[in-house]
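**Q** Take this structure first; my questions come after.
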Amino acid sequence: MAAMAISVLPIVSGLLPCLVLRVIEGQSRRDICNLSSALCPVSESLQFERSQAWCRTKVKESSRRSRRVDARVVMAQANSAMEKSPAKKQVLVPVANGTEEMEAVIVIDVLRRAGAAVTVASVEEGKLVNASRGVNLLADCLISECEGVEYDLVVLPGGMPGAERFRDSQVLKRITVKQSQEKRMFAAICAAPVVALQSWGLLAGLNATCHPGFAVKLEDKSSVGGRVVRDGALTTSRAPGTAFEFALALIEQLYGPESVPAVADPMVLPSHDGIVSAALKFNDEDWTTSSIPRVLVPVANGSEEMEVVIIVDILRRAGAEVVVASVESETTIKASRNVQLVADTLVSEIVQTKFDLVVLPGGMPGATRLQESEELSKILNQQVESGRCYGAICAAPAVVLEANGLLNGKKATSHPAFSSILKDQSAVEGRVVIDGRLITSRGPGTAMEFTLNIVEKLFSRSKAQEVAEPMVFNYV
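For reference, each letter of the sequence shown is one residue, going -26 to -1, 1 to 450 in mature numbering (1 follows the signal peptide of the UniProt record, and there is no 0).
Written out as structure tokens, the structure is:
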């Protein structure tokens, strides 16, 4: 069977709205529409808008006929619309101690953006796993709870020793082998194609790729250089630097190519040639420190999980001491796409701690939660007043830094949806903007280059390239 190298191209989105409506006699238009949005498992604003518009139309039509709404008629129409809409795709993403957190979270987040019902299952004894760079992830359930469930897709992230933990899980093996036997989609990235799938005999006769460090162990090396390789129901990829392409390729197979741009475009991904543009730099200053750099990454309910994990993972790869601190009343936070992260500490406990860099992830309402934190506001003001480094990505430059007056006289960028809030518009199109001791960026799709620029400033350019290479990320 011939392999197919995946290249995801921009095509107009065609997501269908989910219509779930129960109308009770005597309810107002607002009540009905609120009920509609509460019952719809909406993951995209387009779905929400269409369900609301449909609801308002039905209320107007029924009002012209009678002041009494026939619940049976409206419910029948809703059921008819549901029958025409595609069922929510069921996806399983296992995690383990030592799983590569960027690969796991990018796959989960991106697939949920497309509308998939993603179950994150731990192969460990408990739901809490400590990923390869020390990020704590709280799974939705244990893998034992997933056996017997039919999934449209099973995706194994890489990382070591996470891939070995997958290999040794008999439950996960049975689930994945059955997935392959029934010719339903299964996928793996990084070390997982070799360490797990190949050891289970699931790569026999199929073309696949894997992390360069495991390529020598791949039995069929004919497609090993591919960034994303599809052969029948199997899709494989290489590393964190190919994880976005990998996830979008899975969306293309699950939902069709027309669904890809609606997910890809808001993430501000690099161009299709994989080359990232150089950062825009103003008022160049030295960031290097005499000791190991200490970095604070504050998080909140609603923070963008890909941005959080990419920043933390890459900085720890470089050797920085990274503290993840929650502005909430507890360390466990639920991020914007419902990935549960467990912070190292609370922001309230480190207000007096000195950091070489404070860097804010975006996401909504996470950025608003960060902006509302008095403790974090105090930390940020002290950081700026003392001349130490600070940064933000996505919504955070506008929602947090601009709102607190911390961009005065500075050039910055932000997510395109928030860039109009920035007073200085001269650099808003930059993917990464560095002005003195401030660094800002645009979204999940710029998070890797954003963080590698931080590595270059804190350490050196050669260090950033050293970190980027095993990620299979082109940082030149």
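Every residue gets a Cβ at the ideal spot worked out from N, C-alpha and C, and that includes glycine.
Taking buried to mean at least 16 other C-beta atoms within 10 Å of its own C-beta, is residue 119 buried or exposed?
**A** exposed
**Q** With DSSP run on the structure shown, which of helix, strand or coil describes residue 399?
**A** coil
**Q** Would you say residue 212 and residue 373 are within 9 Å of each other, going by their C-beta atoms?
**A** no
**Q** Helix, strand or coil for residue 373? Go by DSSP, reduced to three states.
**A** helix
**Q** Express the C-alpha separation of residue 198 and residue 192 in angstroms, rounding to a whole number.
**A** 8 Å
**Q** Following the continuous alpha helix (DSSP H) through residue 221, name the residue where it begins and the one where it ends.
**A** 217 to 229
**Q** If I follow the unbroken beta strand (DSSP E) through residue 96, where does it start and stop?
**A** 91 to 96
**Q** Whose C-alpha, out of 108, 63 and 226, is nearest the C-alpha of residue 71?
**A** 108
**Q** Could you tell me the alpha carbon to alpha carbon distance between residue 268 and residue 301, rounded to whole angstroms?
**A** 18 Å
**Q** So with Cβ pairs under 9 Å, would you call residue 103 a contact of chain D?
**A** The structure shown contains no chain D; it holds only a single protein chain.
**Q** Taking 7 Å as the limit between beta carbons, can you name the residues of its chain near residue 38, skipping five residues before and five after?
**A** Bear in mind that the predicted position of residue 38 carries a pLDDT of just 38, short of 50, making it unreliable; the figure below should be weighed with that in mind. Nothing listed; no residue qualifies.
**Q** Run through DSSP, which three-state label would residue 469 get?
**A** Since the first residue shown for the chain is -26 and the last is 450, residue 469 is missing from the structure and cannot be characterised.
**Q** Any chance you could list the beta strand (DSSP E) runs of at least 3 consecutive residues sitting entirely within the segment 275 to 357, in chain order?
**A** 295 to 300, 306 to 308, 314 to 316 and 331 to 334
**Q** Can you give me the C-alpha to C-alpha distance between residue 156 and residue 291, rounded to a whole angstrom?
**A** 39 Å
**Q** For the putative contact between residue 272 and residue 321, defined by C-beta atoms under 8 Å, what is the C-beta separation to the nearest angstrom?
**A** Contact between residue 272 and residue 321 holds, since their C-beta atoms are separated by about 6 Å, short of 8 Å.
**Q** Tell me the rounded alpha-carbon separation between residue 274 and residue 309.
**A** 7 Å
**Q** In terms of residue numbering, what span does the beta strand (DSSP E) encompassing residue 136 cover?
**A** Careful: residue 136 lies outside any beta strand (DSSP E), inside the alpha helix (DSSP H) at 136 to 141.
**Q** Only counting the same chain, and skipping five residues up and downstream in sequence, which positions put a Cβ closer than 6 Å to that of residue 256?
**A** 385 and 409
**Q** Leaving out five residues on either side along the sequence, give the residues of the same chain with a beta carbon under 7 Å from the beta carbon of residue 102.
**A** 110, 112 and 316
**Q** On the DSSP bridge assignment, give the partners of residue 445 in chain order.
**A** Residue 445 is not bridged to any residue.
**Q** Taking only the alpha-carbon atoms, compute the straight-line gap between residue 390 and residue 148 and give it to the nearest angstrom.
**A** C-alpha separation (whole angstroms): 44 Å.
**Q** I'd like the list of long-range same chain contacts for residue 174, defined as Cβ closer than 8 Å, with 5 residues on each side in sequence excluded.
**A** Contacts found: 141, 147, 150 and 151.
**Q** Does the beta-carbon of residue 327 have 16 or more other beta-carbons within 10 angstroms, so that it is buried, or is it exposed?
**A** exposed
**Q** Over what stretch of residues does the beta strand (DSSP E) that includes residue 144 continue unbroken?
**A** Per DSSP, residue 144 belongs to no beta strand (DSSP E); it is in the alpha helix (DSSP H), 144 to 155.
**Q** Buried or exposed, going by whether 16 or more other CB atoms sit within 10 Å of the CB of residue 262?
**A** exposed
**Q** Are the segment 130 to 141 and the segment 67 to 81 touching, with three or more C-beta to C-beta distances below 8 Å?
**A** yes
**Q** Output the distance between the C-alpha atoms of residue 312 and residue 357, rounded to the nearest integer angstrom.
**A** 30 Å
**Q** Assuming residue 284 and residue 76 form a contact by the criterion Cβ under 8 Å, report the distance between their Cβ atoms to the nearest whole angstrom.
**A** 6 Å
**Q** Which of the three DSSP states, helix, strand or coil, is assigned to residue 83?
**A** helix
**Q** Hey, how far is the Cα of residue 239 from the Cα of residue 419?
**A** 9 Å
**Q** What did DSSP end up calling residue 209 once you bin it into helix, strand or coil?
**A** strand
**Q** So, is residue 450 buried or exposed, given that buried needs 16 or more other C-beta atoms within 10 angstroms?
**A** exposed
**Q** Closest to residue 362 by C-alpha separation, out of 345, 380 and 95, would be which residue?
**A** Nearest to residue 362 by alpha-carbon distance, out of 345, 380 and 95, is 380.
**Q** Taking buried to mean at least 16 other C-beta atoms within 10 Å of its own C-beta, is residue 202 buried or exposed?
**A** That one is buried.
**Q** Give the DSSP-derived three-state secondary structure of residue 380 in the structure shown.
**A** coil
**Q** At the level of alpha carbons, what is the spacing between residue -1 and residue 367?
**A** Residue placement at residue -1 cannot be trusted, given a pLDDT of 33 that sits under 50; the coordinates are not used to answer.
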